[in-house]
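As structure tokens, the structure follows; a few thoughts come after it.
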Amino acid sequence: MPGRWRLQPTWLTFLLSFLCLLLAWQLLVLWGEYDRFLLPGPLDVARQFGVVWQDGRLLKHSWITFSEVLPGLLLGILIATPLGYLLSKSSLAERLISPYLIASQAIPIIAIAPLLTIWVQSTYWSRVLVSVLVVFFPILINVVAGLRSVPSEMYELLRSLRATRWQIFRKLELPAALPVVLAGLKVGATLSVIGALVGEFVQPKSDGLGFLLITARYQFKTDLVFVVIITLGLMALGLYGVVSGLERWLLRWRKALL
Amino acid sequence: MRKMMYLLWFGLLLGLVACGGSDDAAAELQTIRLPMGYIADPQYAPFYVAVEKGYFAAAGLAIEFDYSFETDGLALVGAGELPFAVVSGEQVLLARAQEVPVVYVLEWFQRYPIAVISRASANITEPADLRGRAVGLPGFFGASYVGYVGLLTANGLTQEDVNASDIGFTQVDTLLADQVEAVVGYANNEPIQLQTRGEAINVLYVADYIDMVANGIITNEETLAQNPELVQSFVNALLHGLQDTLDDPAEAYTISQKYVEGLDDSRMPVLEASLPLWEAEQLGFTDPASWTQTQDVLLAMGLLDAPIADLEAAYTNQFIQASD
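Protein sequences appear in the order of chains Y and D. One gets our numbering by counting positions in the first sequence from 1 and adding 82 to each. One gets our numbering by counting positions in the second sequence from 1 and adding 188 to each.
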């Protein structure tokens with residue numbers, strides 16, 4: 083848009099907004115005269131961040147959580163994508179499976195997570211499974227929505243050209259559904275972090291950011307609670323960024339068309 | 189017919205007056221929301237008895253039980269939002285280390301309730317037998333972990349001497365499946381479950397080897413300074429409930445059934461196993477030496493970075509000594 087000033091989401095604007103947020107936070111702590119255990123200031127949190135970074139705990143627990151998040155997300159995609167394809171293509175499958183899938187979303191994950199631990203008998207895989215369950219549905223819904231957004235006349239056109247089923251998928255369905263599917267993937271990526279954390283809360287054992295969070299609360303180290311929350315946020319942000327990068331790369335043809 | 193109508197009106201009027209009267213009586217009571225730290229359970233019988241027998245009401249208090257997490261209850265008391273909570277001793281020290289102004293005023297559990305439980309066949313009859321054994325803990329956090337380390341420390345053992353693993357809250361199943369040789373649990377819970385199944389077991393009670401501060405009542409420094417009468421009233425009422433529970437556990441259990449939904453007779457052994465943990469020469473009294481020992485264990489575990497600056501300020505016996 084030449085001639086019109088537009089705010090670009092550059093690193094500078096992000097940095098400015100982040101500094102404003104920190105300043106507002108510190109002012110809130112100062113004016114409200116909150117005790118450190120109720121609301122620590124950004125300086126307290128930064129100090130605690132330094133402590134757990136130096137003693138290696140932050141990296142260790144973050145890595146463990148990430149090692150649950152990633153398979154959770156990937157397995158969620160692997161299960162939700164073909165199932166979404168099946169549901170969008172077969173009305174019989176939709177009638178048979180959809181009611182169960184929708185009803186399953188009414189079950190609070192926190193209620194079944196302890197059962198998963200007993201059924202799976204592996205702390206690691208029960209945590210991964212919780213993550214899978216959390217990411218599964220938004221990805222599935224977006225796969226179905228993406229495939230259904232393909233105009234029917236496009237199908238007719240390809241069929242008239244005697245395209246095979248694989249060609250229809252490759253040349254029509256995949257590119258047409260990809261923007262919506264990737265939007266679902268963005269949601270799933272952030273939710274996978276929450277899923278792993280729920281799993282760690284239910285089965286804290288002795289590792290992961292969930293364990294660190296429980297320990298911090300047990301020790302009334304609210305500044306450490308904030309460090310964990312911020313780390314989780316950064317992890318979700320990182321995954322979101324990766325999916326966004328993937329989106330830009332996969333959908334670069336759209337930019338070329340514009 | 190007219191007589192009937194008069195009677196009906198009279199009855200209605202009487203009912204309204206009675207209702208008004210009870211409202212006034214209720215209005216005079218100060219409602220205390222009390223965080224308990226765990227779900228409704230017969231272990232809370234002393235509290236239920238004190239309510240049911242009117243000890244709290246006689247002190248001008250109406251108790252509203254709040255079964256939220258222990259840490260949340262402590263934070264609310266520390267922030268001055270609530271006057272009391274049921275909290276364990278080590279939590280008080282951990283909180284005071286973070287400048288949370290809470291003070292322990294009544295030691296309900298006189299014995300630290302954690303124990304190491306093993307099958308009789310494992311032949312673990314004293315702490316030294318734990319050396320090199322596979323021991324399962326719910327996790328390396330919380331009261332179980334603190335009690336376990338306390339037991340080791342008091343017997344000259346270190347954590348490296350024992351092959352400990354975290355097994356979640358599956359102690360009974362894990363022990364029965366022979367996945368570990370001993371488990372760490374609550375003295376009034378897991379041993380009862382195993383005995384009910386007919387298992388021959390050995391129990392090492394942490395409290396037999398080290399005196400650490402367990403569950404009790406906390407208040408905050410503000411309430412202590414500005415409203416000591418409230419603390420005294422609360423302590424007096426609870427001590428009466430505790431004494432009555434010890435005197436007549438069967439009655440206390442029946443009262444608990446009003447407060448614990450779906451409580452049948454199967455959990456009476458839990459209450460019976462809890463009684464020895466509460467008994468004392470002077471109920472509610474907290475021993476200063478037990479605070480030092482608790483602090484030492486927390487320091488050894490790295491849960492405390494340094495000794496508490498003013499350890500004596502973490503607890504007081506003034507209300508126990510002044511109780512009626």
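All C-beta atoms in this analysis are idealised placements derived from N, C-alpha and C, irrespective of residue type, glycine included. Since the model is a prediction, treat every value here as computed from it, not as a measurement.
Are the C-beta of ALA494 (chain D) and some C-beta of chain Y separated by less than 9 Å? no
So is the beta-carbon of VAL232 (chain Y) under 8 Å away from any non-hydrogen atom of the ligand NAD? With respect to the ligand NAD, the structure offers nothing, as it holds no ligand at all.
Backbone CA spacing between ALA497 (chain D) and PHE219 (chain Y) [nearest angstrom]: 52 Å
Can you check DSSP and say which residues form a bridge with ALA195 (chain Y)? Paired residues: none, contrary to the question.
Ends of the beta strand (DSSP E) at ARG307 (chain D)? 302-307
Just checking, does the stretch 373-393 of chain D make contact with the stretch 427-441 of chain D on the three C-beta pairs under 8 Å criterion? no
Exposed or buried, which one is LYS142 (chain Y) when buried takes at least 16 other CB atoms within 10 Å? exposed
Delimiting residues of the beta strand (DSSP E) encompassing THR223 (chain D): It is Pro, not Thr, that sits at residue 223 (chain D) in the sequence shown. Segment 218-225, the beta strand (DSSP E) holding PRO223 (chain D).
If you draw a straight line from the C-alpha of GLY209 (chain D) to the C-alpha of GLU216 (chain D), how long is it? Caution is warranted here: a pLDDT of 43 is assigned to GLY209 (chain D), below 50, making its placement in the model unreliable, and the coordinate value is therefore given only provisionally. Each residue's Cα considered, the two are about 11 Å apart.
Using only alpha-carbon positions, find the residue among D:GLN483, D:ASP396, D:VAL458 and D:ALA502 that is nearest to THR313 (chain D). D:ASP396
Can you pull the chain C neighbours of GLY266 (chain D), defined as C-beta to C-beta under 9 Å? Although the question refers to chain C, the structure presented lacks it and instead comprises the protein chains Y and D.
Would you mind telling me which residues of chain D sit closer than 7 Å to ARG299 (chain Y), beta carbon to beta carbon, in chain order? THR259
For a cutoff of 9 Å on Cβ pairs, would you count ALA213 (chain D) as touching chain Y? Residue placement at ALA213 (chain D) is flagged as unreliable, the pLDDT there being 49, under the threshold of 50; a coordinate-derived value is accordingly withheld.
Using a Cβ-Cβ distance cut-off of 9 Å, determine whether ASP484 (chain D) contacts chain Y. no
With distances taken from CA atoms, which of D:ALA316, D:LEU262, D:ASP435 and D:PHE297 is nearest GLN301 (chain Y)? D:LEU262
Same chain only: Cβ atoms within 6 Å of ALA318 (chain Y), ignoring 5 sequence neighbours per side: Excluding residues up to 5 positions away in sequence, THR272 and VAL275 lie with their Cβ nearer than 6 Å to the Cβ of ALA318 (chain Y) in the same chain.
Might you give, ordered along the chain, the residues of its own chain that have their beta carbon closer than 6 Å to the beta carbon of ALA461 (chain D), omitting 5 neighbours on each side? ASN376 and ILE380
Would the stretch 234-247 of chain Y and the stretch 175-184 of chain Y be scored as touching if the rule is three or more Cβ pairs under 8 Å? no
List the residues that DSSP assigns as beta-bridge partners of GLY324 (chain D). D:SER353 and D:VAL371
Among D:ASN403, D:TYR333 and D:LEU222, which residue has its Cα nearest to the Cα of GLY490 (chain D)? D:TYR333
Check each candidate in D:LEU471, D:ASN390 and D:ILE398 and name the one with the smallest Cα separation from ASP435 (chain D). Nearest in C-alpha terms to ASP435 (chain D), of all of D:LEU471, D:ASN390 and D:ILE398, is D:LEU471.
Where do the N-terminal and C-terminal ends of the beta strand (DSSP E) with LEU104 (chain Y) fall, by residue? Unbroken run through LEU104 (chain Y) is the alpha helix (DSSP H), 93-114; no beta strand (DSSP E).
Does the CB of THR92 (chain Y) have a neighbour CB from chain D at under 9 Å? Residue-level contact by beta carbon fails for THR92 (chain Y) and chain D, as no gap is shorter than 9 Å.
Given a cut-off of 9 Å, decide if ALA331 (chain D) and SER276 (chain D) are closer than it, judged by their beta-carbon atoms. In this structure, ALA331 (chain D) lies closer than 9 Å to SER276 (chain D) by Cβ.
Apart from the five residues on each side of it in sequence, which residues of its chain come closer than 8 Å, Cβ to Cβ, to LEU121 (chain Y)? LEU110, VAL111, GLY114 and THR304
Limits of the alpha helix (DSSP H) - the one that ASN224 (chain Y) falls within: 205-230
Extent of the continuous beta strand (DSSP E) to which LEU333 (chain Y) belongs: Taken as a continuous stretch (DSSP letters only), LEU333 (chain Y) belongs to no beta strand (DSSP E), as it is neither H nor E.
Flag this pair as yes or no: are the beta carbons of ALA308 (chain D) and ASN390 (chain D) separated by less than 9 Å? yes
Hey, would you say TYR393 (chain D) sits closer than 9 Å to ALA303 (chain D), going by beta carbons? yes
Can you give me, in chain order, the residues of the stretch 193-210 of chain Y that have a beta carbon less than 8 Å from any beta carbon in chain D? THR199, ILE200 and THR205
For the alpha helix (DSSP H) that contains LEU364 (chain D), what are its first and last residues? 359-364
Nearest to PRO437 (chain D) by CA position, among D:GLU449, D:LYS446 and D:PRO457, is which residue? D:PRO457
With a floor of 4 residues, list each alpha helix (DSSP H) that falls wholly inside the stretch 408-468 of chain D, ordered by position along the chain. Qualifying alpha helix (DSSP H) stretches, in chain order: 409-414, 416-435, 437-447 and 456-466.
Looking at the secondary structure, which residues open and close the beta strand (DSSP E) in which PHE148 (chain Y) lies? From DSSP, PHE148 (chain Y) is part of no beta strand (DSSP E) but of the alpha helix (DSSP H) over 139-171.
For LEU257 (chain D), the first and last residue of its enclosing beta strand (DSSP E): The sequence given here places Phe at residue 257 (chain D); Leu does not occur at that position. Its beta strand (DSSP E) spans residues 249-257.
Quick check on the burial criterion: 16 or more other C-beta atoms within 10 angstroms. Buried or exposed for ALA246 (chain D)? Exposed, because fewer than 16 other Cβ atoms sit within 10 Å of the Cβ of ALA246 (chain D).
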